[in-house]
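With the sequence shown counted from 1, adding 3 to any position gets you this note's numbering.
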Amino acid sequence: MFDLDDFLTRCITAGRETEPRLAVRDVLDQALADAGLADAFAGSTHGIDVLHHAPDLTVLNVVWPPLFRIYPHDHHMWAAIAIYGGQEDNVFFRREAGTLQKSGGKALREGDVKLLGDDTIHSVENPTRGYTGAIHVYGGDLMGTSRSQWTGEPPLEEPYDIDSVRREFDRAQARYLATA
4 MFDLDDFLTR CITAGRETEP RLAVRDVLDQ ALADAGLADA FAGSTHGIDV
54 LHHAPDLTVL NVVWPPLFRI YPHDHHMWAA IAIYGGQEDN VFFRREAGTL
104 QKSGGKALRE GDVKLLGDDT IHSVENPTRG YTGAIHVYGG DLMGTSRSQW
154 TGEPPLEEPY DIDSVRREFD RAQARYLATA
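Here it is, written out as structure tokens:
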């Protein structure tokens, strides 16, 4: 049975290791091997749920609504993503001539863990007609760090706005429910 308190304690301990991303990846791999992980979050609806927030580590449960895409954004800290249900497609970008250029991508499926560097810019999409559940671990205070998001076409850089992101999740959920 998955124990959230134990999981968070192990994440916090791993976050203090010499190579925290690698240590956190090991914790996430172990959590994904626990058949109870998805069940522990079965009642979660769409959106971002903060499981742990401190100056040195943030842990989120993110549930992506079906067919939802969030615009490019950065974190200014390392991240580790573990998919416990569904699929999360990441498109990576680099800054070039005052705008963003696509520089690759990675489809993450149930059981995958992906590490991101502190300079990563990416957008995320759930391309499926089902919900995607993921644990995101960040090597710092994700909520208190100034960062950027890029919206519009061409994408324009602006300060990251968590309230705007939450509204996007809500709109995607409403669109899905209207067609379900």
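Note that CB positions come from ideal geometry on N, CA and C, so glycine has one too.
Keep in mind it's a predicted model, so treat the numbers as computed, not measured.
Measure the beta-carbon distance from residue i to residue j and round it to whole angstroms, keeping in mind my assumption that it falls under 8 Å.
i: Glu113; j: Gly142; result: In fact, because the Cβ distance is near 24 Å, the residues do not count as touching under 8 Å.
i: Leu60; j: Cys14; result: 7 Å
i: Glu156; j: Phe71; result: Contact flag wrong, Cβ pair sits at about 18 Å.
i: His55; j: Asp121; result: Not a contact, Cβ separation roughly 19 Å.
From residue i to residue j, what does the alpha carbon distance come to, in whole angstroms?
i: Ala43; j: Ile51; result: 15 Å
i: Ser47; j: Pro158; result: 31 Å
i: Leu118; j: Leu35; result: 15 Å
i: Ser151; j: Leu180; result: 30 Å
i: Pro130; j: Ile84; result: 17 Å
i: Pro75; j: Asp144; result: 19 Å
i: Ile165; j: Ala137; result: 18 Å
i: Asp6; j: Gly101; result: 45 Å
i: Ser126; j: Pro162; result: 15 Å
i: Phe95; j: Lys105; result: 6 Å
i: Asp92; j: Thr21; result: 29 Å
i: Thr16; j: Met80; result: 17 Å
i: Asp32; j: Gly107; result: 24 Å
i: Asp8; j: Ser167; result: 30 Å
Measure from the alpha carbon of residue i to the alpha carbon of each residue in the options, then state which is nearest.
i: Ala57; options: Asp173, Met146 and Pro157; result: Met146
i: Ile73; options: Asp8, Ile138, Ile124 and Glu20; result: Ile124
i: Arg98; options: Arg169, Pro162, Trp153 and Thr16; result: Trp153
i: Leu111; options: Phe10, Phe95 and Ile86; result: Ile86
i: Arg28; options: Leu40, Asn93, Asp121 and Val116; result: Val116
i: Tyr134; options: Val66, Phe5 and Asp173; result: Val66
i: Arg169; options: Thr182, Val53 and Leu103; result: Val53
i: Ala41; options: Trp81, Met4, Ala82 and Glu160; result: Met4
Evaluate residue i with the Cβ neighbour count: other Cβ atoms within 10 Å of its Cβ, from every protein chain shown; 16 or more gives buried, anything less gives exposed.
i: Pro69; result: buried
i: Gly18; result: buried
i: Ser149; result: exposed
i: Ala38; result: exposed
i: Gln176; result: buried
i: Val140; result: buried
i: Ala45; result: exposed
i: Val30; result: buried
i: Arg132; result: exposed
i: Arg174; result: exposed
i: Leu25; result: exposed
i: Ala183; result: exposed
Between residue i and the ligand NAP, is there a pair consisting of the residue's CB and a ligand heavy atom that are separated by less than 7 Å?
i: Ile124; result: The ligand NAP is not part of this structure, which contains no ligands at all.
Q) In chain order, which alpha helix (DSSP H) runs of at least 4 residues are fully inside the stretch 7 to 83? A) 7 to 18, 23 to 36 and 40 to 43
Q: Would you list, in sequence order, the uninterrupted beta strand (DSSP E) runs of no fewer than 3 residues that lie entirely inside the stretch 107 to 134?
A: 116 to 119 and 124 to 128
Q: Note down, one range per segment and in chain order, each beta strand (DSSP E) of at least 3 residues found wholly within the stretch 132 to 166.
A: The stretch 132 to 166 contains these whole beta strand (DSSP E) runs: 135 to 141, 151 to 154 and 159 to 162.
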